[in-house]
Amino acid sequence: MIIGIMLAIVLGVLGGFLWLEQSSIPLLDTILMSALSFIVFVAGSEIGGNRHILKKIWNPQGIVLMLAIPVAVIVGSLVGGTLFGTAVGLAKEDALLVSAGLGWYSLSSVVISAMYSVELGTISFLTNALRETLSFGLIPLVARYNKVLSIGIGGACTMDSTLPVIIKYTNLQIGILGFVNGLVLTLLVPFLLSALMPV
1 MIIGIMLAIV
11 LGVLGGFLWL
21 EQSSIPLLDT
31 ILMSALSFIV
41 FVAGSEIGGN
51 RHILKKIWNP
61 QGIVLMLAIP
71 VAVIVGSLVG
81 GTLFGTAVGL
91 AKEDALLVSA
101 GLGWYSLSSV
111 VISAMYSVEL
121 GTISFLTNAL
131 RETLSFGLIP
141 LVARYNKVLS
151 IGIGGACTMD
161 STLPVIIKYT
171 NLQIGILGFV
181 NGLVLTLLVP
191 FLLSALMPV
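Under the numbering used here, the first residue of the sequence shown is numbered 1, with each subsequent residue one higher.
Given below as structure tokens:
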């Protein structure tokens with residue numbers, strides 16, 4: 001499946017570059033959102049249909065994990081993004097702002113472009129889109145060694161696009177943790193961007 005996903009991404013990029021006309025983009029966006037909604041619906045149905053999993057995770061240990069994972073992902077993303085960003089020449093506050101997108105490229109790029117810098121908004125788009133794209137290949141690899149750790153790779157996209165991959169390569173219990181992680185991060189990204197936006 002990993003090879004299939006990565007091949008589909010590469011073929012999609014090549015196809016879009018070579019043949020896609022600008023006038024087709026709105027239709028493609030509609031198709032993409034419809035397909036993504038269906039995939040997330042199926043993943044959610046699978047989780048909801050296994051009520052024993054929900055009961056199993058609703059305990060003190062499960063609640064601690066639901067709180068700890070998003071916190072760890074935020075800290076790891078901000079620290080790692082800042083270190084790497086400054087290493088490649090970004091100012092510390094710019095690197096921190098880009099990493100605050102937590103994988104939500106569509107929102108972070110627009111907010112940063114509108115409120116701060118179009119150049120940094122573009123960097124945010126590319127960085128966070130790359131994070132989501134790489135997640136499809138990295139989640140299965142990391143899940144072999146540590147299922148919970150595989151959640152952190154995708155950031156905010158663990159509640160939608162990468163949720164089916166998490167469920168396939170871990171289990172439904174980890175899938176629920178991934179969904180909660182993505183939901184919490186999605187809610188927090190706008191606040192992080194506002195708080196870290198340079199004046």
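The beta carbon of each residue, even a glycine, is placed where N, CA and C say it ideally should be.
Of Gly85, Thr122, Pro164, the smallest CA-CA separation from Gly137 is found for Pro164.
Pairing Leu193 with Asp94, the inter-Cα distance amounts to about 11 Å. The beta-carbon distance between Val98 and Gly81, rounded to whole angstroms, is 6 Å. This is short enough to meet the 8 Å contact definition. Leu130 is positioned such that its CB atom lies no closer than 8 Å to that of Leu196.
For Glu21, the three-state secondary structure derived from DSSP is coil. A Cβ-Cβ contact shorter than 8 Å links Gly154 with Ser135. Excluding five sequence positions before and after Cys157, the CB atoms of its chain that fall closer than 6 Å to its own CB belong to Gly103, Glu132, given in chain order. Taking a cut-off of 8 Å for Cβ pairs, the stretch 170-190 and the stretch 54-69 touch, as three or more such pairs fall below it. Exclusion of the five residues before and after Pro70 leaves Val180, Asn181, Val184, Leu185, Leu188 as the residues of its chain whose Cβ lies within less than 8 Å of its Cβ. In this structure, DSSP gives Gly103 a state outside helix and strand, which the three-state scheme calls coil. Between Gly152 and Val75, the CB-CB gap reaches or exceeds 8 Å.
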